[in-house]
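Each remark here refers to the structure printed beneath this line.
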């Protein structure tokens, strides 16, 4: 980013970014008003921008403008979302909140149905199929992979999948069976051993997630420090006597 | 049969029951059972003649007094011998208006108003009323003493028989027998030697009623009071000419009866002598008559009257048989019923000795003695079981309870606030880590410091590069910006190389976002890459911003099925689907490539689940954050892959730029990122070693302390 080619508005934005970056960095010394100020401003700006985006990108062009300039059929079709929107707004008043309940129910029902359908068709079945195809040696030959490494890789993935699923198996024997076999309510030895293996894979996964989070945070730190250095390098000659 | 209301619970019970069928309280007193059994049923009252309607409602004892009054011959009034109070009572009876007569209620006046004329016109009517069935036992027992017959008939009764008959009807321990309570004016006849009154326990009014009968006896005249002796003397001389029957002061009679029912001797009521009937010549005659009644032999005068009564009785369906006895009057007021002297006396006569019984101290029967017999179950006193009030808990529970109690007490006590020191170990450690990281990152940025080798590309990154490389100029590419501003530092560096490559290839970018801030992020990154790559990428010629898709996964699904309807207008307010490279796009599969830039694995999964099936054979490529890689990679490594190409974080962006041979933000940040990553690893190692060393040192110290101990 070349600050010299920036306009005044962009330059002010960069300056504000630098100031708020320092405010955020002040948290190193502990919780302080500067950090809280920056935090509140970010939240407020994000909420305000969301409202503006909802108005200019959704409500006006997709609801109000067609009601004014659209055809009769378009207007009739838009009456239903307009009515539902009005009912949803009644949730603001505690006395009229009940009118918005059907709209909430509709939204929740549609959302859940969409999520379940997508999870089953987009994740569950394809992942099951992928697990089955791990040992497709034909595909390995076509890809030119080493079959031994391919099988080992597939075996590790299969073991990790099965043992991770077993770790979340919390079923126990019935009380009558426990009393007859004089066993405790804990899982069986085999299940417990496989669950312990699954726990190892889960721990590795959490470690990878933490590494990814740390990597993302470190990249953000680099970006902020890079922007600050660039700004200082841009501003420093202005305040340095020639 | 009339029901009886229980005095305890107030419920109705059949009259034949002695105890309440609901609460088992006694309905009939012990002593009254014999009398009540003898009483005839209340129904079937024979009606009397129309000439005397008031006679039906007149109480029995009043009727008897009236009959007795009418049957007695009129005697000259002994003005000199009669006491003052008697003279006062007699005065209104002679027809002179007085205060006593005024005090009589109207209904009582109506009852007594026509009696004199009736007595004169029909001398036999008193006998009709007497046997009309309205008279009760107490009156029937003393009825032989009525002087309705000539004196020679009554004279056949001996004094001894009269005494025995009367003694049967009266209790032996009647309080009236107490001579101390008997007034002087009654003591005379009661104490006469051989007289029956004093020994049989006759009540005062009975004695008084029989005075006229017994007055003829010359044996008692000497001991009688003067006024009574005068009356007897006039009776002995014979009946006087008929005159107007004096009215009985009913108020005085009622008061006398009330006083007698309360166990007190009644006030002497002036009882005029019946006219036209001679008194008994002697007490023996009266007793003989009574004895004849007891043996079932009616005297001659009574035998002659009975058919006449039967003739005058109108047969009614409810009429009780004559042999059942004299039925009590149902029309009698309750208060007047309670004032009946004879029944009260009879009840008292049959009352057993209850002096040993306890007196009820509470309730509606307070003051009565032995009314409520104690039930066996209730009366048997049992010592209640002793229950310990101490909780049966174990010592552990007691200790826990004590602990909780102490905790609650300490909660209520104010504790001084411990001031934290400004500089703590944790704060120093935090500042130290920040300084190390800042120095590690700033050094390459400021000085251009040590150069780190660029990361090698991965197969998924290479696949993404090849997909973009295969795009033709002007090919519509759907570019989704679904990341938050907080992670724009990483996402911009990862996506900058991809966007630069798209601009190099001349693809037409259709920018869209499921985050409200996505459009702003897209505009900023496009402008930055356009400036850094020196492209001339402007909207709407090279790209269009479709804006924000509301609804999350639902909106994504709708957009995948019909993008034109869901996003009819671009962010600039114009339709992007007409006159542009997007005019051929009717579904999401019509895009040559779909690239999703996201930092959230959930958003990545939503795109895979909702849009992926709609893409059919079109590739889906993603630029994701490093923190989302573990969750997204299974979609890349699945067979067949659901994500065709993947660029992961800063390393992916740098490698992608390296593949294109163009330097971008990825490579710019890479040196600082690498050195910062090394510093972080060193900090983790140092921290881990320090923690392990402190732990070992603490255990060693603890072990040494145990050995010393």
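Residue numbers (this note's numbering), protein chains in the order written: chain A, 3 to 244; chain B, 526 to 1234. The C-beta atom is built at its ideal place from N, Cα and C for all residues, glycine as well.
In terms of alpha-carbon separation, which member of B:1040, B:531, B:1103 lies closest to residue 1069 (chain B)?
The count along the second chain starts at 1 and reaches residue 1069 (chain B) at position 544. Here the closest residue by C-alpha is B:1103.
In whole angstroms, what is the alpha-carbon distance linking residue 1231 (chain B) and residue 1225 (chain B)?
Translated into positions along the second chain, residue 1231 (chain B) becomes position 706. Translated into positions along the second chain, residue 1225 (chain B) becomes position 700. Their backbone Cα atoms lie some 10 Å apart in a straight line.
So, is residue 202 (chain A) buried or exposed, given that buried needs 16 or more other C-beta atoms within 10 angstroms?
As a first step, residue 202 (chain A) is located in the first chain; it is residue number 200 there, counting from the start. The residue in question, residue 202 (chain A), is exposed, as its Cβ has fewer than 16 Cβ neighbours within 10 Å.
Spatial neighbours of residue 548 (chain B) within its chain, please: C-beta separation below 7 Å, excluding the five flanking residues on both sides.
Looking up residue 548 (chain B) in the second chain gives position 23. Correct list, in chain order: 531, 533, 534.
Cutoff 9 Å: residue 1171 (chain B) Cβ touching any chain A Cβ:
Residue mapping note: residue 1171 (chain B) aligns to position 646 of the second chain, counting from 1. It does not; no Cβ of chain A falls within 9 Å.
Mind checking the region 115-135 of chain A against chain B and listing, in chain order, the residues whose C-beta falls within less than 7 Å of any C-beta there?
116, 117, 120, 121, 123, 124, 125, 128, 129, 132, 135
For residue 653 (chain B), the three-state DSSP class (helix, strand or coil)
For the purposes of this step, residue 653 (chain B) is taken as residue 128 along the second chain, with counting starting at 1. For residue 653 (chain B), the predicted structure reports a pLDDT of 43, less than 50, and the residue's modelled location is therefore unreliable. A value from the coordinates is still provided. If DSSP states are grouped into helix, strand and coil, residue 653 (chain B) belongs with the helices.
What did DSSP end up calling residue 1005 (chain B) once you bin it into helix, strand or coil?
Looking up residue 1005 (chain B) in the second chain gives position 480. Note: residue 1005 (chain B) maps to strand in three-state DSSP.
Using a C-beta cutoff of 9 Å, does residue 165 (chain A) count as contacting chain B?
Here the question's residue 165 (chain A) lines up with position 163 in the first chain. False, the Cβ-Cβ gap to chain B never drops below 9 Å.
Within the 9 Å Cβ cut-off, does residue 1213 (chain B) reach chain A?
Numbered from its first residue, the second chain carries residue 1213 (chain B) at position 688. So, not an interface residue.
Check this for me: beta carbons of residue 1056 (chain B) and residue 59 (chain A), under 9 Å apart or not?
Position 531 of the second chain, counting from 1, holds the residue named residue 1056 (chain B). Position 57 of the first chain, counting from 1, holds the residue named residue 59 (chain A). No.
Would you verify that the beta carbon of residue 138 (chain A) is, or is not, closer than 9 Å to some beta carbon of chain B?
To locate residue 138 (chain A), count along the first chain from 1; it is residue 136. Chain B, which has a Cβ nearer than 9 Å to the Cβ of residue 138 (chain A), makes this yes.
Determine, for residue 919 (chain B), whether the minimum Cβ-Cβ distance to residues of chain A falls below 9 Å.
For the purposes of this step, residue 919 (chain B) is taken as residue 394 along the second chain, with counting starting at 1. Not an interface residue.
Under 8 Å from the C-beta of residue 214 (chain A): neighbouring residues of chain B:
Taking the first chain and counting its residues from 1, the one referred to as residue 214 (chain A) is at position 212. 1150, 1151, 1152, 1153, 1154, 1155, 1174, listed in chain order.
Across the region 1140-1156 of chain B and the region 110-118 of chain A, are there enough close Cβ pairs to call them in contact, namely three or more that are closer than 8 Å?
no
Within 9 Å, strictly: CB atoms of residue 541 (chain B) and residue 551 (chain B):
Residue numbering aside, residue 541 (chain B) sits at position 16 when the second chain is read from its first letter. Residue numbering aside, residue 551 (chain B) sits at position 26 when the second chain is read from its first letter. Taking 9 Å as the Cβ cut-off, residue 541 (chain B) and residue 551 (chain B) do not qualify as a contacting pair.
Along chain E, which residues have their Cβ under 8 Å away from the Cβ of residue 64 (chain A)?
Structure shown: chain E not included; protein chains present are A and B.
Residue 638 (chain B) to residue 883 (chain B) span [Cα, whole Å]:
Within the second chain, numbered from 1, the residue matching residue 638 (chain B) stands at position 113. Within the second chain, numbered from 1, the residue matching residue 883 (chain B) stands at position 358. The predicted model places residue 638 (chain B) with a pLDDT of 42, which falls under 50 and marks its position as unreliable; any figure quoted below should be read in that light. Distance between the alpha carbons of residue 638 (chain B) and residue 883 (chain B): 48 Å.
Cβ-heavy atom distance between residue 961 (chain B) and the ligand GTP below 8 Å?
No copy of the ligand GTP appears in this structure; indeed no ligand is present at all.
Within 10 Å of its beta-carbon, does residue 83 (chain A) have 16 or more other beta-carbons around it, so buried, or fewer, so exposed?
To locate residue 83 (chain A), count along the first chain from 1; it is residue 81. So residue 83 (chain A) counts as exposed.
Within 9 Å, strictly: CB atoms of residue 483 (chain B) and residue 1025 (chain B)
Any question about residue 483 (chain B) goes unanswered here, given that chain B covers just 526 to 1234.
Quick one: grab the DSSP three-state call for residue 943 (chain B).
Here residue 943 (chain B) corresponds to residue number 418 of the second chain, with the count starting at 1. Looking at residue 943 (chain B) - three-state DSSP - the assignment turns out to be coil, as it is neither helix nor strand.
Counting only Cβ pairs nearer than 8 Å, list the residues of chain A close to residue 955 (chain B).
What you label residue 955 (chain B) is simply residue 430 of the second chain in a count that begins at 1. In chain order: 30.
Give me the Cβ distance between residue 20 (chain A) and residue 230 (chain A), rounded to the nearest whole Å; I'm assuming they're in contact under 8 Å.
For the purposes of this step, residue 20 (chain A) is identified with residue 18 of the first chain, where counting begins at 1. For the purposes of this step, residue 230 (chain A) is identified with residue 228 of the first chain, where counting begins at 1. The C-beta distance from residue 20 (chain A) to residue 230 (chain A) rounds to 5 Å, short enough to meet the 8 Å contact threshold.
CB residue 1114 (chain B) to CB residue 1140 (chain B), shorter than 9 Å?
Along the second chain, one-based indexing puts residue 1114 (chain B) at 589. Along the second chain, one-based indexing puts residue 1140 (chain B) at 615. Contact annotation: residue 1114 (chain B) and residue 1140 (chain B) have beta-carbon atoms nearer than 9 Å.
Taking residue 966 (chain B) as the query, report the chain A residues whose CB atoms sit under 7 Å from its CB, ordered along the chain.
Within the second chain, numbered from 1, the residue matching residue 966 (chain B) stands at position 441. Those within 7 Å of residue 966 (chain B) in chain A are 223, 224, 227.
Spell out whether any CB of chain A is found under 9 Å from the CB atom of residue 1089 (chain B).
Position 564 of the second chain holds residue 1089 (chain B). Chain A, which has no Cβ nearer than 9 Å to the Cβ of residue 1089 (chain B), makes this no.
Determine the closest residue to residue 1163 (chain B) out of A:93, A:138, A:233, with distance taken between C-alpha atoms.
Within the second chain, the letter at position 638 stands for residue 1163 (chain B). Minimum Cα distance to residue 1163 (chain B) is reached at A:138.
Distance, Cα to Cα, residue 1032 (chain B) vs residue 1003 (chain B)?
In the second chain, counting from the first residue as 1, residue 1032 (chain B) sits at position 507. In the second chain, counting from the first residue as 1, residue 1003 (chain B) sits at position 478. Counting only the Cα atoms, residue 1003 (chain B) lies some 10 Å from residue 1032 (chain B).
Where DSSP assigns a beta bridge to residue 1149 (chain B), which residues make up the other side?
Sequence index remark: in the second chain, residue 1149 (chain B) carries index 624 (1-based). Partner(s): B:1123, B:1173.
Give me the Cα-Cα distance between residue 1177 (chain B) and residue 1022 (chain B), rounded to the nearest whole angstrom.
Within the second chain, residue 1177 (chain B) is the residue found at index 652, counting from 1. Within the second chain, residue 1022 (chain B) is the residue found at index 497, counting from 1. Whole-angstrom Cα-Cα distance: 9 Å.
Opposite residue 1033 (chain B) in the DSSP bridges: which residues?
On the second chain, position 508 is the one that residue 1033 (chain B) refers to. Answer is B:1001.
Would the beta-carbon of residue 1166 (chain B) fall within 9 Å of that of residue 1149 (chain B)?
Counting from one through the second chain, the residue named residue 1166 (chain B) turns up at place 641. Counting from one through the second chain, the residue named residue 1149 (chain B) turns up at place 624. Contact: no.
Need the endpoints of the alpha helix (DSSP H) that residue 226 (chain A) sits in, please.
The sequence position of residue 226 (chain A) within the first chain is 224, counting from 1. Per DSSP, residue 226 (chain A) belongs to the alpha helix (DSSP H) from 191-241.
Residue 539 (chain B) (DSSP reduced to helix, strand or coil)
Here residue 539 (chain B) is taken as the residue at index 14 of the second chain, counted from 1. Strand at residue 539 (chain B).
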